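Sequential numbering of the sequence shown, starting at 3, is according to the working numbering.
Idealized CB from N, CA, C, for every residue including glycine.
Quick caveat, the model's predicted, so the values are computed rather than measured.
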Amino acid sequence: MIIKSLHIENFRNYTQEDLIFSNSLNFFIGRNASGKTNLIEAIGYFVLYRSFRGISDPELINWNSNFFYLRLELINSYESTYEVGVEKINQQYRKKIKKNGKKVNKLSDIISDIIGVFFVPDDLEYVESTSKRRNFFDYLFSLIDVEYLNALVEFQKCLKQRNELLKRILEKKSTTNELDFWDNKIIELSLVIMKKREQYIQIYNNFFHKRAKEISNQNDEIFVKLEQNDLGTFKKMFLENRYKDIYAGTTTIGIHRDKFFFLDKDNKDIGSFFSQGQKRTVALSLKLAQYDLLLENFKIKPILFIDDVIRELDQYRRKYFLDLLLDCGQAFFTTPNFEDDMRMFKELKGNNCKIFEIENGNVKNEF
Ligand SMILES: Nc1ncnc2c1ncn2[C@@H]1O[C@H](COP(=O)(O)OP(=O)(O)OP(=O)(O)O)[C@@H](O)[C@H]1O
Ligand SMILES: [Mg+2]
């Protein structure tokens with residue numbers, strides 16, 4: 003899986019650009035605010051079909067335009083073209099996605115065509131926020147198991163309906179027995195998700211624990227633990243909780259509240275005791291284990307998107323991370339201090355790496 007080229011129109015601070023990539027390391031170098039991360043965001047758009055920064059589509063359109071358009075050529079067993087456009091028409095934004103010239107109706111049909119892992123400074127948020135961590139695992143498990151994705155999407159719809167109904171019951175506009183329908187659906191879907199989470203977190207944990215230990219030079223023994231309701235008693239508990247839910251006007255227990263947290267080898271919850279360095283270890287390990295799991299599942303090396311990460315790492319972690327690049331497939335990398343990094347990377351990947359010098363939303367030089 004190699005991204006061969008990208009054509010950009012009116013995306014962020016780029017007006018028009020055509021880029022042909024190396025099949026190994028690609029560097030985007032340039033001053034602050036030149037547009038390095040914007041390029042990662044443009045290429046990475048084809049991984050999630052949205053911005054990896056969690057920014058809404060309209061904000062990605064160049065300020066002087068009313069649309070953006072991206073076209074990417076991918077080499078897999080054969081060559082494919084992916085196109086995405088977002089256009090403002092009559093105060094509304096319309097988004098179109100095409101694969102090989104044909105309109106894509108279901109994102110799930112193409113979402114695993116380009117598998118990527120993003121390493122960004124914001125990864126520290128996964129260490130700090132329980133809900134972000136849950137989203138991280140939901141996204142990962144959805145990628146490797148379409149049944150998980152379908153159950154989760156259906157669950158979210160049902161949960162919304164149930165919560166609206168709970169409010170109506172509280173206002174005496176609906177009756178309690180109307181809950182039966184939604185509760186049965188939610189219980190059924192929850193059991194599917196809970197079983198799969200239990201199964202996948204175990205596999206993930208083997209990778210995570212190994213990575214965290216390696217990155218910390220054998221110092222840190224960290225495991226991810228899933229805290230969820232007991233599968234055998236979940237149904238009973240969920241139904242018993244009804245009146246509490248009606249009173250609260252929302253669903254107070256269930257998979258949308260389950261937690262993934264961090265334990266040491268003595269099973270002690272250590273999430274709130276991490277030092278800054280340990281937080282970095284954990285953030286990096288979360289993503290590296292994501293890489294490992296995707297590689298194992300798809301038997302193909304995920305594409306790496308690395309934005310501004312290594313300069314925050316100490317020497318040992320930096321070395322570890324760079325060694326990974328020796329072994330990776332294709333990677334896109336931003337760096338503002340290119341003199342040092344460039345020398346290092348040229349050594350790493352020989353002449354096969356490509357450097358793009360960025361200035362104010364233009365690729366000024368390629369070498
Ligand atoms: N929709 C948009 N239209 C035009 N310009 C935009 C748009 N969105 C962001 N920008 C501009 O893009 C620039 C930021 O680009 P980017 O985040 O890629 O910088 P960078 O090279 O990664 O910088 P740093 O080294 O600080 O991370 C900002 O100056 C911002 O004003
Ligand atoms: Mg940046």
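| Asked | Found |
| --- | --- |
| Exposure label - residue 150; buried when at least 16 CB within 10 Å | buried |
| Any non-hydrogen atom of ligand 2 closer than 8 Å to residue 336 Cβ | yes |
| Residues near residue 281 in its chain [Cβ-Cβ closer than 8 Å; skip 5 each side] | 126, 129, 130 |
| Sequence-distant residues of the same chain with beta carbon closer than 6 Å to residue 116, five excluded per side | 48, 49 |
| Residues near residue 225 by beta carbon distance below 8 Å, same chain, minus five either side | 207, 210, 211, 264, 265, 266, 267 |
| Closer than 8 Å: residue 63 CB and nearest ligand 1 heavy atom | yes |
| Contact test: residue 309 Cβ vs ligand 2 heavy atom, cutoff 8 Å | yes |
| Segment contact, 8 Å Cβ cut-off, at least three pairs: the region 244 to 253 with the region 214 to 225 | no |
| Burial state of residue 37, where buried means 16 or more other Cβ atoms lie within 10 Å | buried |
| Backbone secondary structure at residue 324 - three-state DSSP | helix |
| Segment contact, 8 Å Cβ cut-off, at least three pairs: the region 56 to 64 with the region 88 to 101 | yes |
| Among 42, 24, 6, the one whose alpha carbon lies nearest that of residue 352 | 24 |
| Three CB pairs or more closer than 8 Å across the region 193 to 207 and the region 142 to 161 | yes |
| Exposure label - residue 233; buried when at least 16 CB within 10 Å | exposed |
| Span of the alpha helix (DSSP H) around residue 223 | Careful: residue 223 lies outside any alpha helix (DSSP H) and carries neither H nor E. |
| Contact set for residue 291: own chain, Cβ-Cβ below 7 Å, skip 5 residues either direction | 206, 209, 210, 213 |
| Alpha-carbon to alpha-carbon, residue 368 and residue 356 | 7 Å |
| Sheet register partners of residue 71 (DSSP bridge) | 11, 87 |
| Alpha-carbon to alpha-carbon, residue 359 and residue 33 | 9 Å |
| Coarse secondary structure for residue 55, derived from DSSP in three states | coil |
| Cut-off 6 Å between Cβ atoms - residues of its own chain near residue 260, not counting five sequence neighbours on either side | 230 |
| Helix, strand or coil at residue 2 [DSSP, three-state] | Look at the range of the chain in this structure, 3 to 369, and you will see that residue 2 is not part of it. |
| Pick from 297, 7, 17, 83 that is closest to residue 361, judged by C-alpha positions | 17 |
| Any non-hydrogen atom of ligand 1 closer than 8 Å to residue 15 Cβ | yes |
| Any 3 or more C-beta pairs closer than 8 Å across the region 330 to 338 and the region 293 to 307 | yes |
| Distance cut-off 8 Å: residue 91 Cβ against heavy atoms of ligand 1 | no |
| Where residue 272 sits in the DSSP three-state scheme | coil |
| Heavy atom of ligand 1 within 8 Å of residue 38 beta-carbon | yes |
| Given residue 2 as reference, the closest of 59, 228, 279, 137 once Cα atoms are compared | Given that the chain is displayed from residue 3 to residue 369, the structure contains no residue 2 and the question cannot be resolved. |
| Cβ-Cβ separation, residue 161 to residue 203 (assumed contact under 8 Å), whole Å | Actually they do not touch by this definition, with Cβ atoms about 21 Å apart. |
| Residue interval of the beta strand (DSSP E) (run including residue 265) | 261 to 265 |
| Of the residues 158, 166, 175, the one placed nearest residue 191, counting alpha carbons only | 158 |
| Closer than 8 Å: residue 43 CB and nearest ligand 1 heavy atom | yes |
| CB contact flag (residue 145, residue 99, <9 Å) | no |
| Candidates 354, 139, 240, 172: closest to residue 182 by CA position | 240 |
| Boundaries (first-last residue) of the alpha helix (DSSP H) holding residue 118 | Run containing residue 118: none in the alpha helix (DSSP H); it sits in the beta strand (DSSP E), 118 to 121. |
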